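**Student:** Below you will find the structure I want to go over with you.
Chains as they are written, first to last, in our numbering: chain A, 1141 to 1738; chain B, 6 to 583.
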């Protein structure tokens, strides 16, 4: 207690109310795509530039095909919005995305934006109601471009993205830039948890006539609350089942018969309790549970709550005016604070859901802690591997070929290490798939480094094992889309590529041996056709580049290695980079001779 | 990852949330929608059970069963006893060797059998969602039909069924607790409905139901238990039984009352978005008990009054959480791979010194046998569990469960059992096959034999090429060799009785024939012929004896003796014909 909202979200309190004002004004100015306003902060005289977006209450701007207007977003300007393991790309509401795309051209060119960037002023994108999604997507757009981090403030905004969307935001460390204000009963922040329906249209129509001011007091619709909140409740219960570790075997079957809304909250939520208190929540699972449970029917009758759910959508300005700057904010993270939860009027069942949401986060942190102990084990196995590789180099064969032959006890022990490591990384892979590790796990420097070290050192042995047993005859080449290459390597490679902002597939140095082996097989099958020649050239280029940047170890160049033997056998006309590679092989040979002399 | 100490982690009960998710979705409503309609339209029709197939959307099919009120009453008056029904023996498990079905349900189901066979085949071909539903005995037919359908579905089937029943009585003596099929059944039961409790011991049951059999009924699937206050989902058969027993002593109203589940659903849907009543205090230190107590009270169960052991429920949930952890499952599988790599390595070490695997292990030639034994134990524990799990599943499902790993299980059996045999005979054991052989080996072998097809001539050919790298097929081969050594000793021992001599002689003839058959089928690894192997040691002793004139014998036995004496075994497995 004792902190203001501004402190908790890292924005001056003086900005919030004017931003809300501008957001409401912009929403009701359909002739302009956005409004801009500079706000001076009194105590340090800095300026904050707020952009606020217009809204639309037309059903076509809220919904679309397929159901929930589900649209995969991770392309071009939103390349980070994807899962780095099996989860696929983030899904957003396609109608919101379309409206954002209509705006972004003019927004990028806005002189106020340029000026703010030049003068290093804090930029805030704000949106009220259907202006919210545009503010959210605009903020993301500029975060992807690595401009000085903009902030996002929304008031009564509908949900925009799915679980992967939120996961990606948290992974990138962007989640804290988004703050969403929600009134206790406001229907709009919940509406996307329910599929579009006549009830949706009734609600939007009502607001449309209200905002258009053609009809000052339009008749409010009725009967929608049970439908919309019923569907929303289904989503919340499903998520609660997951958080609580539901062990009922029917859950998956049931889920396959029900189409739930994909949308989930992300960013920081500020719940306005209606009595001057604000509750700040960051845990996304807790936010979802509160969104549903605080709007449950209590003693008041359905009609009353239904009316409130419409009225409160228009109450942000007055509510925020009263409670901003007051020291009456409670942050929920770090344990439910019962007193403030009373303001939200949560039932004991809701409290259990919150506890489960909190416990889920705790479990992820614990898993990370356990993983740190685990790292030592990985290091020990990797060290064994490194020694193995070193010893194999002395024999001038290299560890790839030595492993492939499996003649010595050392090769066997390396095989056990390979399997031990595979077990550990596969377990990590499973945990990531189940979201059992913190969202930013795949962004952590030490983990990307360790993974890359593992991939470069051990994947060649998986390839050796694969071709030793001629597994290509059963499954096709080691590297083909969705082929036999173990997923753990795909993921680890993706972490690195994502971190370096490279194209997916560009850091495949650990696949060098697979390219060589497969080429050997394919030449026998097809002869030196065009395609083969191109592949040979690619292997040569890769070799030179990867040896150059040290991502590929030079023991591929050992005289007796599969690569050198294969390459020497190639007819000269197929080796355009012959001189360069001969030189590399020669240098390697010298190094080894000197090394053994010592 | 390091074994998490699960007992320190808070646990939750999601019985209420799962139920809420169900009633707020449209699934159950969709299943219910057609039932009252079909029930109403029925009086005009002559048939005793109405079946309706409806397609609300192109990718969704709903099948509804509705018996007429008269036929329901008729069937119920037949009684609640269990009748053996061999047609459903595909549900047999180790714990339930024969399947019995409730007489009332069978009375309605049997006449429909042929009609349903056709319907089953038709639906099996369909893609997408399939909801099978019915109320009271209509629900019983729906359940039986779904089981029937599941038994005929294969992996390629794109039909995804779910069976939803409303107020149906218990059906049979079989459980599905260890079966994947369990997850396809959802039973709604209102605490106001007398029908589901009909055949229970304490219930006011139908006139002729036999109480002695009543406890043999086993609930299966997930039960959505509802009261005026709300609902909760349970799938523990013991608890469901308990709930039904409690409900049966408290429910009022005659059997003619048909409960309107549509009305119940409307109430539950409304309840789902209401703040629940404050059934427990603020203390949430133990979220599992707090949750489960609320859920139980919601459906009218008082843990103290009805003697519910919350502690045991929590323990069961904890065990299950641990068991269903996917990450540790993946780890386990990988660990078994490592165990096998050690054994393969041991085999290779033997090969490198030109010894056979069995002999090396029996005589502890490498001083790492203790370590190998440790890996064997890991593997045995794992495979005993797998076999036990397969046995707990209904026969038919168990078979398809097995196909995924039978090959790996066979490799395991061929690698590890010889070593078990080595230890057994080294310690002076006798008659391994009949006195010592573990059940899981027997079953692995039996399942393998059942699944195996006789090899084609090409397959036999390729086997011939590869025999040197293959494992000896009969994992008991060395037990036969050991027995032959013992028989040989009895035969040559001057103190043996004539009877013992004769039986030993016969055993050895049988053994010779057996080995020859293995050789002809390329079913033994050439390593058995390596110098100093137990087999060759035996031959060394036997050869001396057989050199003297002997009783008449079979052709195969003569072939065997010839094969050995002429040294043709030396080229066995070198791609020439022996």
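Ideal Cβ placement from N, Cα and C applies to all residues, glycine included. Given the structure is predicted, the values throughout are model-derived calculations rather than measurements.
(1) Identify whether residue 89 of chain B lies in helix, strand or coil by the three-state DSSP scheme.
(2) Answer yes if the region 82-91 of chain B comes into contact with the region 106-113 of chain B, meaning at least three C-beta pairs across the two stretches below 8 Å, and no otherwise.
(3) Tell me the DSSP secondary structure of residue 57 of chain B in three-state form.
(4) Is there contact between the region 422-429 of chain B and the region 481-494 of chain B, where contact requires at least three CB pairs shorter than 8 Å?
(5) Smallest Cα separation from residue 398 of chain B: which of B:250, B:185, B:411?
(6) Please state whether the Cβ-Cβ distance between residue 1720 of chain A and residue 1684 of chain A is less than 9 Å.
(7) Is any beta-carbon of chain B found at less than 9 Å from that of residue 1433 of chain A?
(8) Write down the C-beta distance between residue 143 of chain B and residue 70 of chain B rounded to the nearest angstrom, noting that I regard them as a contact closer than 8 Å.
(9) Look at the Cβ atom of residue 187 of chain B, then the Cβ atom of residue 164 of chain B, and state whether they are nearer than 9 Å.
(10) DSSP state of residue 1158 of chain A, grouped into three classes?
(11) In the DSSP assignment, the beta strand (DSSP E) including residue 1212 of chain A goes from what residue to what residue?
(12) Taking Cβ-Cβ distances below 7 Å as the criterion, which residues of the region 1547-1569 of chain A are in contact with chain B?
(13) Is there contact here, the region 1317-1337 of chain A with the region 1395-1411 of chain A, by at least three beta-carbon pairs under 8 Å?
(14) Residues bridged to residue 1681 of chain A by DSSP?
(15) Below 8 Å, can you find three or more Cβ-Cβ pairs linking the region 1326-1341 of chain A to the region 1182-1195 of chain A?
(16) Starting from the Cα of residue 136 of chain B, find the closest Cα among B:78, B:38, B:469 and give me that residue.
(17) In the structure shown, what three-state DSSP assignment does residue 1177 of chain A receive?
(18) What does residue 1398 of chain A reach in chain B if we use C-beta pairs closer than 7 Å?
(19) Would you decide whether residue 1528 of chain A is buried or exposed? Buried here means 16 or more other CB atoms lie within 10 Å of its CB.
(20) What are the residues in the region 1369-1396 of chain A lying within 8 Å of chain B by C-beta distance?
(21) Who are residue 1400 of chain A's beta bridge partners in DSSP?
(22) Sorted by chain position, which residues of the same chain lie with C-beta nearer than 6 Å to residue 1154 of chain A's C-beta, five sequence neighbours on each side aside?
(23) Does residue 1678 of chain A come within less than 9 Å of chain B when only Cβ atoms are used?
(24) With a threshold of 16 other CB atoms inside 10 Å of the CB of residue 417 of chain B, please say whether the residue is buried or exposed.
(25) Name the two residues that bound the continuous alpha helix (DSSP H) containing residue 1753 of chain A.
(26) With a 10 Å radius around its C-beta and 16 neighbouring C-beta atoms as the bar for buried, classify residue 224 of chain B as buried or exposed.
(27) Below 8 Å on the Cβ atoms is my contact criterion, and I expect residue 269 of chain B with residue 195 of chain B to pass it. Report the Cβ-Cβ distance as a whole number of Å.
(28) DSSP three-state call for residue 183 of chain B: helix, strand or coil?
(29) Note down, in chain order, each residue of its chain lying with its Cβ closer than 7 Å to the Cβ of residue 429 of chain B, except the 5 sequence neighbours on either side.
(30) Quick check on the burial criterion: 16 or more other C-beta atoms within 10 angstroms. Buried or exposed for residue 394 of chain B?
(31) Report the rounded CA-to-CA distance for residue 119 of chain B versus residue 146 of chain B, giving the unit in angstroms.
(32) Just to check my reading of the structure: residue 1609 of chain A and residue 1668 of chain A have Cβ atoms closer than 8 Å, yes? What is that Cβ distance to the nearest angstrom?
(33) Exposed or buried, what is residue 1196 of chain A when buried is set at 16 or more other beta-carbons lying within 10 Å of its beta-carbon?
(34) In terms of residue numbering, what span does the alpha helix (DSSP H) encompassing residue 1437 of chain A cover?
(35) For residue 1190 of chain A and residue 1179 of chain A, what's the separation of their Cα atoms in angstroms?
(36) Any idea if residue 1592 of chain A is buried or exposed, counting beta-carbon neighbours within 10 angstroms, 16 or more meaning buried?
**Tutor:** Short version:
(1) strand
(2) yes
(3) strand
(4) yes
(5) B:185
(6) yes
(7) For residue 1433 of chain A, the answer is yes, since a Cβ of chain B falls inside 9 Å of its Cβ.
(8) 4 Å
(9) No; because the gap between Cβ atoms is not below 9 Å, this pair is not in contact.
(10) helix
(11) 1210-1212
(12) 1552, 1555, 1556, 1559, 1560, 1562, 1563, 1566, 1567
(13) yes
(14) Paired residue(s): none; residue 1681 of chain A is not in a bridge.
(15) no
(16) B:38
(17) strand
(18) 30, 32, listed in chain order.
(19) buried
(20) Of all residues in the region 1369-1396 of chain A, those with a C-beta nearer than 8 Å to a C-beta of chain B are 1369, 1370, 1371, 1373, 1374, 1377, 1378, 1380, 1381, 1383, 1384, 1385, 1386, 1387, 1388, 1389, 1390, 1391, 1392, 1393, 1394, 1396, reading in chain order.
(21) The secondary-structure analysis by DSSP pairs residue 1400 of chain A with nothing; it has no beta-bridge partner.
(22) 1181
(23) no
(24) buried
(25) The requested residue 1753 of chain A is not part of the displayed model; chain A covers only 1141 to 1738.
(26) buried
(27) Contact between residue 269 of chain B and residue 195 of chain B holds: their C-beta atoms lie close to 5 Å from each other, under 8 Å.
(28) coil
(29) 437, 441
(30) With fewer than 16 Cβ atoms within 10 Å of its Cβ, residue 394 of chain B is classed as exposed.
(31) Going from the Cα of residue 119 of chain B to the Cα of residue 146 of chain B covers about 14 Å.
(32) So it is not a contact: roughly 27 Å between Cβ atoms.
(33) buried
(34) From DSSP, residue 1437 of chain A is part of no alpha helix (DSSP H); its letter is neither H nor E.
(35) 7 Å
(36) buried
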